[in-house]
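Start counting the sequence shown at 3; every next residue gets the next number (my numbering).
Quick reminder that beta carbons are idealized off the backbone N, C-alpha and C, glycines included.
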Amino acid sequence: MPDIIKLLPDSVANQIAAGEVVQRPASVVKELLENAIDAGATSIKLIIKDAGRTLIQVIDNGKGMSVTDARLCFERHATSKITDAKDLFAIRTMGFRGEALASIAAVAQVELKSKREEDELGTCIDIEGSVLKDQSACQMPTGTSFTVKNLFFNIPARRNFLKTDHIETSHILEEIHHVALAFPEIAFSFYINDKESIQLPVSSTLKQRIVNLFGKGINDKLIPIEQDLELVKIRGFIGKPEFAKKKREEQYFFVNNRFIKHPYLHFTIMDAYKELITEKTYPAYFIYFDINPASIDINIHPTKTEITFQEEPMIRAVLRSTIKHAIGKSNLSPSLDFERDQSFDIPLSYKDKPVVSPEIKYNPEFNPFKNDPRLPKKDTSNWEKLYPSTADFKAVEQPAPAMSDSSDTIEPPENSHCYSLLNTYIARETSAGLLMVHHEHALTKIFFERYKQQGESSPKPCQQLMFPETLEFSSSQTVLLQNMLENFKSVGFDMDHFGGTTFILRGIPVGTEQSDNRHLIEGVLHDFNQFSDESFDKNNKLALGLAKSIARKKEIPSSSEAMYRIIQELFNCSLPEITPEGKRTFRIYTADDFNKQFD
Ligand code: ADP
Ligand code: MG
Numbered sequence: 003m004p005d006i007i008k009l010l011p012d013s014v015a016n017q018i019a020a021g022e023v024v025q026r027p028a029s030v031v032k033e034l035l036e037n038a039i040d041a042g043a044t045s046i047k048l049i050i051k052d053a054g055r056t057l058i059q060v061i062d063n064g065k066g067m068s069v070t071d072a073r074l075c076f077e078r079h080a081t082s083k084i085t086d087a088k089d090l091f092a093i094r095t096m097g098f099r100g101e102a103l104a105s106i107a108a109v110a111q112v113e114l115k116s117k118r119e120e121d122e123l124g125t126c127i128d129i130e131g132s133v134l135k136d137q138s139a140c141q142m143p144t145g146t147s148f149t150v151k152n153l154f155f156n157i158p159a160r161r162n163f164l165k166t167d168h169i170e171t172s173h174i175l176e177e178i179h180h181v182a183l184a185f186p187e188i189a190f191s192f193y194i195n196d197k198e199s200i201q202l203p204v205s206s207t208l209k210q211r212i213v214n215l216f217g218k219g220i221n222d223k224l225i226p227i228e229q230d231l232e233l234v235k236i237r238g239f240i241g242k243p244e245f246a247k248k249k250r251e252e253q254y255f256f257v258n259n260r261f262i263k264h265p266y267l268h269f270t271i272m273d274a275y276k277e278l279i280t281e282k283t284y285p286a287y288f289i290y291f292d293i294n295p296a297s298i299d300i301n302i303h304p305t306k307t308e309i310t311f312q313e314e315p316m317i318r319a320v321l322r323s324t325i326k327h328a329i330g331k332s333n334l335s336p337s338l339d340f341e342r343d344q345s346f347d348i349p350l351s352y353k354d355k356p357v358v359s360p361e362i363k364y365n366p367e368f369n370p371f372k373n374d375p376r377l378p379k380k381d382t383s384n385w386e387k388l389y390p391s392t393a394d395f396k397a398v399e400q401p402a403p404a405m406s407d408s409s410d411t412i413e414p415p416e417n418s419h420c421y422s423l424l425n426t427y428i429a430r431e432t433s434a435g436l437l438m439v440h441h442e443h444a445l446t447k448i449f450f451e452r453y454k455q456q457g458e459s460s461p462k463p464c465q466q467l468m469f470p471e472t473l474e475f476s477s478s479q480t481v482l483l484q485n486m487l488e489n490f491k492s493v494g495f496d497m498d499h500f501g502g503t504t505f506i507l508r509g510i511p512v513g514t515e516q517s518d519n520r521h522l523i524e525g526v527l528h529d530f531n532q533f534s535d536e537s538f539d540k541n542n543k544l545a546l547g548l549a550k551s552i553a554r555k556k557e558i559p560s561s562s563e564a565m566y567r568i569i570q571e572l573f574n575c576s577l578p579e580i581t582p583e584g585k586r587t588f589r590i591y592t593a594d595d596f597n598k599q600f601d
């Protein structure tokens, strides 16, 4: 019997490979636009006819190709972007597999024209189903033009598989959005089906590009986000919670300028909005990660829209807190935009990070509220700096010299009149507007931070009782308490099981002084049970339960100074704008907000 194995001709191999890369016209659009970007183009034009069935043309002013390169670029695994395997870990270009053009040329009629700056003449190549038809020299400006005609002309089955023009065009538009949002500094013009044209001029800011794409209306609906860590740099915009939509539109996530789908990070983003938007609504987001290419793997999917992060838990935690922080901040100063004001960055500097401890890296219980030794603490010495819009009242109320005062301690400003309102709020006039602090929520936040820290410090700050108390609980409470005795101790309770349903209490956490300790412990147990956020570990839950029990009981103090201290303590917390459960702690009402009520 003769041997039966033979090597497939390149044209067939390319057609098979093309199945992965070229699924529909939009895939061609993506590859050609990305190539133009990789070629350093500053201006890119795209022309589509019949939803890409008859024509997809991309013209760029990038660096062009030599005669040899123009011929070579259609070979499989022909790329100028990587040379050996280690380059795979440092990819900054959009393409790197050297497969796109070979695949496209296998399933369409392609005309390439390309010229480099240094060459007088360009090269023109016609290729059809992987077969070279013609090659000549031509006159043209520097850059490249790819014309892809009659996609799948040689694979009728694939051609028939294409969906309606409407659907194929919307896929193309999605690709256009991905590329246009990732590169605001590049000018694009898109001509689609002879009907639509989108002109996107060079934009100096991302916001400008977003507005150009989505219309002016989006301008006031976005909150800037920014985070600058060694691990990852995050920037972009997120939608204000009140503008969340019923549909999942306008959700874009980019990693090193590549549009990425990442279900877990999407979940993280949605989680950060929890309690702020109603169920089944979706906030807009335009989030950009800049991350060391060595710490991600983008190679797990042929069309490269999926990605894995080495430090995913950490990344998720950072993303979550960045978003929460941004939302909180936007309540303070609605018009704030980081493109104008840089002074808000969360000072979570990654610079002085000590040696990374692996157990944190893989700690499934990680949450951003837990102090991470790798994230140096926020400098809370002066919250007024972090929140200038509330802070500037200091400048307004104090005599001029104080404005340049850079001292670290905050003296209560003179005339710092705080008022108690409706037995619920502390109100204070600031130059940004009327600051309204929800007393109970604020205390919850403050005490939570305090007990959380106590849980982490040792020895535990415990205040011994003059006379130990014996406390009786129900049998179910007893079971819970026995399970959590260590956690109770860790926040500062000195308590032991005495037998049966009796416990003996010798000391309580500092700051919890109140008449009925049994009641306090019951309240903590109750809140502990209620709170189901899985990102919280037992100690944090307990700290929260304790904080809530205490906050519930405290009356608003009568003196203005004491109220001011609460505000001050609140702003010394990380993420002061929301409680760990996502409840708002304060709002600022501007003069406009009031004036509107009297129109
Ligand atoms: P990859 O982008 O993965 O390298 P492609 O098949 O998309 O693979 O392209 C092959 C090569 O052709 C690229 O590496 C690049 O050198 C060259 N090339 C493709 N498009 C352009 C263009 N618009 N301008 C200049 N060079 C290009
Ligand atoms: Mg490419």
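Label residue i either buried or exposed according to how many other C-beta atoms from any shown protein chain fall within 10 Å of its C-beta, with 16 as the threshold for buried.
i: residue 545; result: buried
i: residue 139; result: exposed
i: residue 123; result: exposed
i: residue 285; result: buried
i: residue 103; result: buried
i: residue 266; result: exposed
i: residue 502; result: exposed
i: residue 192; result: buried
i: residue 468; result: exposed
i: residue 443; result: buried
i: residue 166; result: exposed
i: residue 411; result: Annotation note: pLDDT 37 at residue 411 (below 50); position unreliable, coordinate value reported separately. Under this definition residue 411 is an exposed residue.
i: residue 441; result: buried
i: residue 564; result: exposed
i: residue 115; result: buried
i: residue 88; result: exposed
i: residue 424; result: exposed
i: residue 488; result: exposed
i: residue 485; result: exposed
Based on the DSSP output, what are the partners of residue i in its beta bridges?
i: residue 45; result: 189
i: residue 213; result: The partner list for residue 213 (beta bridge, DSSP) is empty, contrary to what the question assumes.
i: residue 557; result: The partner list for residue 557 (beta bridge, DSSP) is empty, contrary to what the question assumes.
With hydrogens ignored, establish whether the beta-carbon of residue i is closer than 7 angstroms to any heavy atom of the ligand ADP.
i: residue 547; result: no
i: residue 73; result: no
i: residue 62; result: yes
i: residue 185; result: no
i: residue 592; result: no
i: residue 261; result: no
i: residue 97; result: yes
i: residue 70; result: no
Can you tell me whether residue i is helix, strand or coil according to DSSP?
i: residue 144; result: coil
i: residue 275; result: coil
i: residue 567; result: helix
i: residue 114; result: strand
i: residue 72; result: helix
i: residue 220; result: helix
i: residue 137; result: strand
i: residue 82; result: coil
i: residue 198; result: strand
i: residue 419; result: coil
i: residue 381; result: Confidence is the limiting factor: at residue 381 the pLDDT is only 39, short of 50, which leaves the residue's position unreliable, though a coordinate-based value still follows. The answer is coil: DSSP assigns residue 381 none of H, G, I, E or B.
i: residue 163; result: helix
i: residue 518; result: coil
i: residue 121; result: coil
i: residue 440; result: strand
Examine the ligand MG and report whether any of its heavy atoms sits within less than 7 angstroms of the Cβ of residue i.
i: residue 42; result: no
i: residue 19; result: no
i: residue 102; result: yes
i: residue 258; result: no
i: residue 16; result: no
i: residue 162; result: no
i: residue 66; result: no
i: residue 584; result: no
i: residue 33; result: yes
i: residue 77; result: no
To the nearest whole angstrom, what separates the beta carbons of residue i and residue j, a pair I think is in contact under 8 angstroms?
i: residue 236; j: residue 290; result: 7 angstroms
i: residue 35; j: residue 50; result: Not a contact, Cβ separation roughly 12 angstroms.
i: residue 222; j: residue 258; result: No, residue 222 and residue 258 are not in contact; Cβ-Cβ is about 29 angstroms, not under 8 angstroms.
i: residue 216; j: residue 227; result: 17 angstroms between Cβ atoms; not a contact.
i: residue 479; j: residue 451; result: Contact doesn't hold; Cβ gap of about 27 angstroms is too wide.
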